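In the numbering used here, the protein residues as written are 17 to 124. Ideal Cβ placement from N, Cα and C applies to all residues, glycine included. Small disclaimer: the values here were computed from a predicted structure and weren't measured. Here is the structure we will look at, set down as structure tokens.
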Amino acid sequence: MPSQVPPMDFILEPLIRVILIALDLYMYIVIASVIASWLVAFGVINTYNSTVRTILDVIYRLTEPALRPIRRMMPDLGSVDLSPIVLWLIILFVEMLLGKALRLVMMS
């Protein structure tokens with residue numbers, strides 16, 4: 017008896033949904049990074065607190081690998097960093113493409 021292979025949409029639909037959720041979560045992390053950098057710049061957050069420092073370090077480690085290449089490609093605008101906005105737009109574009117792919121998978 018030949019083994020039954022599940023259809024590709026059986027695998028793709030949950031995978032695309034998980035990726036979309038991960039991208040949404042990452043967008044919130046990028047927003048948290050921007051807000052945290054503003055709060056540090058304005059002296060609202062005490063970076064000498066070890067808990068705050070740990071949270072900021074985790075946020076930095078999660079966002080910096082994606083933001084660094086964008087910063088290298090963008091022109092220097094002084095103290096204005098537009099790389100989170102560019103990353104946010106890239107994530108929205110990828111989510112749009114994945115949403116279309118999900119609709120195609122569900123219709124097949």
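Cβ shell of residue i (< 8 Å), same chain only, five flanking positions each side left out
i, result
"I32", "L114, A117, L118, V121"
"I75", "I45, A48, S49, A52"
Helix, strand or coil at residue i according to DSSP, with G and I counted as helix
i, result
"D92", "coil"
"V68", "helix"
"I32", "helix"
"L98", "coil"
"Q115", "One detail in the question is off: residue 115 reads as Gly in this sequence, not Gln. The answer is helix: DSSP assigns G115 an H, G or I state."
"F58", "coil"
"S49", "helix"
"T79", "helix"
7 Å CB neighbourhood of residue i in its chain, flanking five on each side removed
i, result
"L28", "V121"
Contact check, residue i vs residue j, beta carbons under 9 Å
i, j, result
"L103", "T70", "no"
"S99", "I107", "no"
"L72", "V56", "yes"
* Contact the stretch 26-43 vs the stretch 64-75: 3+ CB pairs below 8 Å -> no
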